[in-house]
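There are 2 protein chains.
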Amino acid sequence: MKSLRLTKQKKAIIDLLSPRKDHPTAEDIYSAVRKLIPKISLATVYRNLEIMAAAGIIMKIEHEGLNRRFDPDTSAHSHFICVECGIVEDIPFNLNNESINQIDSWIGKRKILRSRLDYYGLCGVCANE
Amino acid sequence: MKSLRLTKQKKAIIDLLSPRKDHPTAEDIYSAVRKLIPKISLATVYRNLEIMAAAGIIMKIEHEGLNRRFDPDTSAHSHFICVECGIVEDIPFNLNNESINQIDSWIGKRKILRSRLDYYGLCGVCANE
DNA sequence: CCCTTATTGATAATAATTATCAATAATAAT
DNA sequence: ATTATTATTGATAATTATTATCAATAAGGG
Chain U
2 MKSLRLTKQK
12 KAIIDLLSPR
22 KDHPTAEDIY
32 SAVRKLIPKI
42 SLATVYRNLE
52 IMAAAGIIMK
62 IEHEGLNRRF
72 DPDTSAHSHF
82 ICVECGIVED
92 IPFNLNNESI
102 NQIDSWIGKR
112 KILRSRLDYY
122 GLCGVCANE
Chain G
2 MKSLRLTKQK
12 KAIIDLLSPR
22 KDHPTAEDIY
32 SAVRKLIPKI
42 SLATVYRNLE
52 IMAAAGIIMK
62 IEHEGLNRRF
72 DPDTSAHSHF
82 ICVECGIVED
92 IPFNLNNESI
102 NQIDSWIGKR
112 KILRSRLDYY
122 GLCGVCANE
């Protein structure tokens, strides 16, 4: 009977990620959490981020060209990715379900678990250049 | 005046990719094209795939957990990714623009270049297990 | 044909993530 | 409580996909 232990490492990672809106990478989180637990290992950070993502506590987000990032907001929402500077912004609207309904007849035996709608472009700063 | 030369390597890669519906990786294309040009280098395959994707001749597709794949179909279309076996299927419907319109007021100075709507789930085969 | 420049092939380098494994910490059993 | 059991950690090695390097080759223009 394996139990999931909420270690001080996991707690520190969650506490650190929770308030953030900037979708940090594992490396970002590592350098931040090191201020609290200097001896924490990068592997532990990766490991626990994956475990917590699998448990649905946080969300793993992967986008073209960028390395993996993590988001404390697990609700269905879209991201805007600047192709110039790589910033990832939340889009404050939910993905509408029309496209999902549209493909109903195509689905057949397939089972759709989730969808992802993302936007790529230039952020406010990069658009002025 | 740099010109883009359609070398026999590029031609072989396109000819090979064009009829395929299975979204092969660079490695897949490499092993296939080696039957035509045994001495072709993996680097050449990667290089030319990137060049042709940048030129808009083919499309580069990147999805969570999978390595980069290439698609001869450059039209806007969604993909269905099986989280079990990793197969990438085309969804024969276009992304509707409603979600894009919905975020108009949020856009501000941002410039949206493209969007991507993908579905994750279990394919017909994997759903029966 | 020669000259210039793009492209190739071979290989080294990079970089992010994952695996390994002995040491440690947490919980459970006695 | 003390010991036994099991999960987790930290350190580091391994992996793997992709990118960079660079001398050699090939292509096309004049």
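Protein chains in written order, with our numbering: chain U, 2 to 130; chain G, 2 to 130. Ideal Cβ positions, reconstructed from N, Cα and C, are used throughout, including at glycine.
Could you check if C86 of chain G is buried or exposed, using at least 16 other CB atoms within 10 Å of its CB as the buried criterion? With fewer than 16 Cβ atoms within 10 Å of its Cβ, C86 of chain G is classed as exposed.
Kindly indicate which three-state DSSP category E90 of chain G falls into: helix, strand or coil? Of the three classes helix, strand and coil, the one that applies to E90 of chain G here is strand, per DSSP.
Bridge-paired residues (DSSP) for T75 of chain U: The partner list for T75 of chain U (beta bridge, DSSP) is empty, contrary to what the question assumes.
The region 54–65 of chain G: positions lying closer than 9 Å to chain U by Cβ: Residues K61, I62, E63, H64, E65.
Fully enclosed by the region 3–30 of chain G, which alpha helix (DSSP H) runs are 4 residues long or longer? Complete alpha helix (DSSP H) runs here, min 4: 9–18.
Which chain G residues are close to N129 of chain U, counting only those with a beta carbon under 9 Å from its beta carbon? For N129 of chain U, the chain G residues whose C-beta falls within less than 9 Å of its own C-beta are K110, listed in chain order.
Per the contact definition of three or more C-beta pairs closer than 8 Å, is the region 105–120 of chain U in contact with the region 8–18 of chain G? Per the Cβ contact rule, the region 8–18 of chain G is not in contact with the region 105–120 of chain U (fewer than 3 Cβ pairs under 8 Å).
Any chance the region 75–84 of chain U sits against the region 75–89 of chain G, with 3 or more Cβ pairs inside 8 Å? No, they do not touch.
Which residue wins for smallest C-alpha separation from P39 of chain U, given the options U:Q10, U:H64, U:I59, U:L123? Of the candidates U:Q10, U:H64, U:I59, U:L123, the one whose C-alpha sits nearest the C-alpha of P39 of chain U is U:Q10.
Is it true that the CB of E51 of chain U sits closer than 7 Å to the CB of E65 of chain G? Inclusion of E65 of chain G and E51 of chain U in the CB contact set at 7 Å is not warranted, their separation being larger than that value.
Strictly below 9 Å CB to CB, what residues from chain G border R35 of chain U? Within 9 Å of the CB of R35 of chain U, no CB atom of chain G is found; the nearest one sits about 27 Å away.
For I62 of chain G, which three-state DSSP category applies? If DSSP states are grouped into helix, strand and coil, I62 of chain G belongs with the strands.
Against chain U, with Cβ distances strictly below 7 Å, would L67 of chain G count as a contact? No - not a single Cβ of chain U is within 7 Å of the one on L67 of chain G.
Any beta-carbon of chain G closer than 7 Å to the one on Y120 of chain U? With 7 Å as the cut-off, Y120 of chain U counts as an interface residue toward chain G.
Residue burial classification, P20 of chain G (beta-carbon count within 10 angstroms, cutoff 16): With fewer than 16 Cβ atoms within 10 Å of its Cβ, P20 of chain G is classed as exposed.
Chain-ordered chain G contacts of G125 of chain U [CB-CB under 8 Å]: Here the neighbours are G109, K110, R111.
Compare the C-beta of S116 of chain G against all C-beta atoms of chain U and say whether one is closer than 7 Å. With 7 Å as the cut-off, S116 of chain G counts as an interface residue toward chain U.
Closest by CA to Y47 of chain G, which one among G:T26, G:A56, G:R115? Of G:T26, G:A56, G:R115, the residue nearest in Cα terms is G:T26.
State the CB to CB distance for the pair K112 of chain U and N129 of chain G, rounded to an integer number of angstroms; the pair is presumed to be in contact (CB under 8 Å). So it is not a contact: roughly 10 Å between Cβ atoms.
Determine which residues of the region 72–92 of chain G have a Cβ less than 7 Å from any Cβ of chain U, and write them out in chain order. Flagged, chain order: F81, V84, I92.
From this set, G:L7, G:T45, G:D29, which residue's C-alpha is nearest R69 of chain G's C-alpha? In this structure, G:D29 is the residue among G:L7, G:T45, G:D29 with its C-alpha nearest to the C-alpha of R69 of chain G.
Here's the rule: buried if 16 or more other CB atoms are within 10 angstroms of the residue's CB, otherwise exposed. What is L123 of chain U? Under this definition L123 of chain U is a buried residue.
Could you pull the start and end residues of the alpha helix (DSSP H) that R48 of chain U belongs to? Residues 43–55.
Determine the DSSP secondary structure at C83 of chain U, reduced to helix, strand or coil. Residue state, collapsed to three classes: strand.
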